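A short worksheet on the structure shown next.
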Amino acid sequence: MLKSTPARLVRLLALSFACLSTIAGAADPIRIGWLSSLTGPLSSAAIAENQGVQFAVDEINAGGGINGRKIELITRDTSGEPTKAVNMAKQLAFVDKVDFIIGPVNSGESLATVPIVAKANIPNLVIGTIDELVDSQKFPLAFRAINTNHQWIEAANDYAIKVLKKKKIAVIGDTSGYGTAASKVAQDLLEKAGVKPVYVVLVDPNKTDLTDELNKARAAGAEVIMPWSAATGLLARLFNTRGDMGWDVPIVGHPAMMAPPVRPLLNKPEYWKNAFAAGYTSTTYDANGKLPPRTQALMDKIRPKLGKGEIDFMFWWIALGYDTVKIVEYSVKTAGSTDPAAIGKVLEGTKDFPGVYASYTWTKENRNGYPDHAIVMNVAGSFKDGSFKAAPH
Amino acid sequence: MLVALITGLATGGLYAAAALTYNVMFSTSKVLSVTTGHISMLGGVFGAWFISTLGWPIPVALLGSIVVGAVFGLLTDFIAIRRVLARSDEHLWLLSTLALATMVQQAAGLWWGTEPKPFPRLIPQDFSAGLADQKYWLPIVVAVLLAVGLELFYRRTLYGKLFVAMSEDAFAARARGIPTGRIRAMSYVIAGAMGGLAGFMAGQLTFAYFALGLTLTLNGFIALAVGGLGSNVGALVGGAALGILSAVATYFVGGEYQQTISVGLLMIVLLLKPAGLFGSQSVRPV
Amino acid sequence: MKASSRTVGLILVLAALVALPWWSGDLYKLHLAALICAYWVLIGGLNLVVGYSGQLSIGHVGLLAIGAYCFTILAGTHGVHPALAVFAAGGLCAMCGFLLGLPSLRLPGFYFAMATLAFALIVAEITLAQGDLTGGGVGLSVPGFPKPFDTPQGSYWLILSIAAAVTWLTWNVARHTWGRGLVAVRDSAITAQAVGVPVFRAKLTVFVFSGFTAGVAGALFAVLQSYITPDTFVFDLGLFFFVCIIIGGRGHIIGPAIGTIVLTALPEMVAPLAKLGNFFYGVLLLVVVLLVPEGIGRVFELLVERIKPRLGESHVVKPDLERLAKAIDSARSAP
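Chains as they are written, first to last, in our numbering: chain V, 228 to 620; chain X, 30 to 315; chain Z, 18 to 352.
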């Protein structure tokens, strides 16, 4: 009893503050917390996404804000560590009292922060791919604006089985958290599709040589190699080993294998051929070498900010960052306020919200907004100016 | 299986080089520096930077890497060893070298980036050479050359004999008029140059990667402890054993338990033969 | 008089800490405070190992991970009562400490440090590889404490009281024969042995104790994190614990406590420091080792002594003539 009284008092105070702030609300800025791993081992995606987020915020503010309210972006660098991410999520929720939280960038951090943000009753745009991240029951205000791991893996599996018509598949994962999780999902999904992988192995991402693994895969009769790893060094070694062995086996898997940092690590440029990775229609050139109009429009707008020359990272990161802020704009405009319940209601009734990265649809049960049909297979090595070519069908 | 042996031997060569680096520093200062692996990391990173970014010819870049290693070795002595050895506290050097290693690794990560970057080809050779590829035999050759060179240095040259004298009894050496401070600094320069060279030569195997240092510090130490502290032959044998064991273990078990197995090796050797296989440790307790 | 003023100070500090939920203002600061307390549960135990017995363990993050996973698996997957699970985590880690310490505490300093580093890496490897048990790379969701500790305030009080208990325990160890013996072991193992300190047993006992506190800390830390993956227990965290003690000062309790508070809170307050991350810890460590190897705690002590010199502690032996005269008088007057 003694304990509950002060707690009640605090709650009462908080409530009265909340009332005050909504009354004064009209001109208050809309505060968006952005958990981004701008430094640390996984920074390249976060830096690009940050450009998209920043650009969208500047654009909206230059246009007078949302319903007359400016956006205040509060960026926190988690440097990719879950412990820091938890601290910063709490800081955003309880000190900065933000209206929205975007991120964190990496799944490992998101797993820790999503429940916290959910408990604080703040709408959260999730941009991690691990499937367990969203749950309409447990975290009703967490909406995913990126594809799931399942979707990537499903697309790659489909391509290997249906298009390449190969049934003997070797799965290679790395021993990082992401690698072990993704390769397990890949295995399960393949088995569900009626294909049992002929060879499965987990490799240390810093392993200097993959000859043994590929030899074993070959001996097991593998006709396709599926790497599930985001470690560019490891993926480059995989390409190099395959090329040096002179084994022309197709490689189908994680998008990181077609990322530009892989290119300089290859022994020969042609080692990148005959490899296909999951990508997106929004950043895939059509038969005439054109990008979808929404992507092209954003690219034209943002290019002066990025400096001269071609874009040397995956453009979808920018598109994703840009879209998250646009989703905030849309939800606040539709709901007419930043009241979490109203925002949640708007977002779970969203159908085909036209973003750059994709068109998002959320429902009462489904918090994964990314549509299956927006995922395509790309040709590794076809990277040009931020986008890719579609894989042959 | 043959592949596992060769790649194991190649990484073992790198570990052996790190173990030799430990040995040189240990001989004059009785310090096992945490920065050992980081010297080779710098050799690799700077080598890649010299060749790819600055466009230096390979021999010049090699020299550059060796100089970077030597300078870092000297800095290690200057910053982390000299002042600390003057105090009587036994383990302060561990802390100071750990601090320096942490700083160097973080600085390299901030400057160079945290992704592994390519290391250029040193000798023109087609990539289809398979097991005869230079990335395998370069580290092995370097490790053997370093060990042979060190032995010759210790046995044939005056300075080498000074090193041996200091490692036997630093106080006696000082009493005989040997400038122990200068000899120690020199040993750190030599160790740094060796580490830089090894990192450069193994660059194609490891890529230029900022986080290589700590792994190498640990694995080089395991090689050293298995082979026996102070023994150059032991360093070679320990490095080869560790490299091959982890490669073979990975071959049979998969990559999940690599670390567990290599440390298992260390523990078994230390329990059965605390001085290592080739060590002749005579610890003076008082 | 002196003891009572210290007691009053202690009570004031404790009261301030207990009342923190009311004056801290927000849940974020409360979370930080709880995190500091959870860290302290580990660091308090580790301090006996590093600060008192001089064994440089840089791999305690491995024990933290074991504790966290043990708690989560027992309380979450198997529905064991959380209180029991906390003790089980402590017990398991004490056992791991015993198994790790038994071979490695016999080794010289650097060997021991490397063994603990390797231990931390092995634990990281196993948590990833044993996916069925630990959830692998996806990790596990951690159950909260039961009522009345299920609110942020409640869990803060719980963690604070455990931290206080650990402080009291370590303080008791430190100021009695044990602590003196450990310091002797740190400064010269040979001398300690010569005067009858059971060197190996002393080292092993505190190491096992530090394992227990690390396990408990792991459980508390896991609850605060609410979700654990192998990425949570990076090697940097182990380095952080270690640096807290060295910077705070070896052979104290208050120094490492201040170190823990400052090093946890500082990067949160000053954003550029967070960016530098380990570089900052490295610089701090180097500066402390080179300039004040006794740690920041010692600097405070010196400052205090300068401001308030210790009076009346004369060590000159001289007879108390008055008392003697009185005694003689009373003896004479007696029949």
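Glycine included, C-beta positions come from ideal geometry on N, C-alpha and C.
As the structure is a computational prediction, the values presented were derived from the model and not from experiment.
- Residues A201 of the same chain have their beta carbon placed closer than 8 Å to that of T208(Z), with the five preceding and five following residues left out of the count.
- In this structure, A607(V) lies away from M472(V), with their beta-carbon atoms at least 8 Å apart.
- Contact with chain X is absent for L465(V), since none of that chain's Cβ atoms lies less than 8 Å from the residue's Cβ.
- H77(Z) is classed as buried because its beta carbon has at least 16 other beta carbons within 10 Å across all chains shown.
- In this structure, K220(Z) lies near S70(Z), with their beta-carbon atoms less than 8 Å apart.
- Taken through DSSP and simplified to helix, strand or coil, W589(V) comes out as coil.
- Shown here, I207(X) sits in coil according to DSSP, grouped into three states, outside any helix or strand.
- For the pair I212(X) and L191(X), the CB atoms are nearer than the 8 Å cut-off.
- Under the criterion of beta carbons closer than 8 Å, T230(Z) and V58(Z) qualify as touching, at roughly 5 Å.
- Its chain contains F239 as the residues whose beta carbon lies nearer than 7 Å to that of T143(X), once the 5 sequence neighbours on both sides are disregarded; these appear in chain order.
- Closest option to H377(V), judged by alpha-carbon separation, among F466(V), R521(V) and L417(V): L417(V).
- When rounded, the separation of the alpha-carbon atoms in C261(Z) and K591(V) is 48 Å.
- Taking a Cβ-Cβ cut-off of 7 Å, the neighbours of L145(Z) in chain V comprise T402, G404 and T407, given in sequence order.
- The beta carbons of P496(V) and G480(V) sit no closer together than 8 Å.
- For the C-beta of H67(X), not a single chain Z residue is nearer than 8 Å; the gap to the nearest is close to 11 Å.
- In this structure, F79(X) is the residue among P147(X), F79(X) and I108(X) with its C-alpha nearest to the C-alpha of I95(X).
- For A33(X), the uninterrupted alpha helix (DSSP H) segment begins and ends at L31 to S58.
- Pairing G268(Z) with G79(Z) gives a Cβ-Cβ distance that is not under 8 Å.
- Where D253(Z) is concerned, the enclosing alpha helix (DSSP H) starts and stops at F252 to G265.
- Residues of chain X whose Cβ lies closer than 9 Å to the Cβ of G153(Z) do not exist; the shortest such Cβ separation is about 10 Å.
- Taking a C-beta distance under 8 Å as the contact criterion, V25(Z) and A82(Z) do not qualify as a contact pair.
- Under the three-pair Cβ rule at 8 Å, the region 592 to 604 of chain V does not count as touching the region 515 to 534 of chain V.
- When 8 Å is used as the limit between beta carbons, L234(X) is near these residues of chain V: T435 and D436, in chain order.
- Residues V398, G400 and W455 of the same chain have their beta carbon placed closer than 6 Å to that of S410(V), with the five preceding and five following residues left out of the count.
- Here A505(V) is not near T522(V), since their CB atoms are 8 Å or more apart.
- Counting along the chain, the unbroken beta strand (DSSP E) around T302(V) starts and ends at I298 to D304.
- With the criterion set as a beta carbon lying under 7 Å from some beta carbon of chain V, the region 72 to 95 of chain X has no members that meet it.
- For R112(X), the residues of chain Z that pass the 8 Å Cβ criterion are L307, in the order they occur in the chain.
- Considering only L262(V), P424(V) and I328(V), the residue with the shortest C-alpha distance to K346(V) is I328(V).
- The beta-carbon distance between L338(V) and L360(V), rounded to whole angstroms, is 7 Å. This is short enough to meet the 8 Å contact definition.
- In terms of CA proximity to F296(Z), Q135(X) leads the group F236(X), Q135(X), P145(X) and H120(X).
- Nearest to E299(V) by alpha-carbon distance, out of A273(V), D255(V), Q318(V) and A383(V), is D255(V).
- Every alpha helix (DSSP H) stretch that sits fully inside the region 33 to 75 of chain Z and reaches 4 residues is listed by chain position as 37 to 40 and 44 to 64.
- Within chain Z, the residues placing a beta-carbon under 7 Å from that of G335(V) are T246 and D248, ordered along the chain.
- Counting C-beta pairs with one atom in each stretch, the region 263 to 281 of chain X and the region 41 to 53 of chain X have three or more that are closer than 8 Å, which means they touch.
- Residues of chain V with a Cβ closer than 8 Å to the Cβ of V251(Z) are, in chain order, E308.
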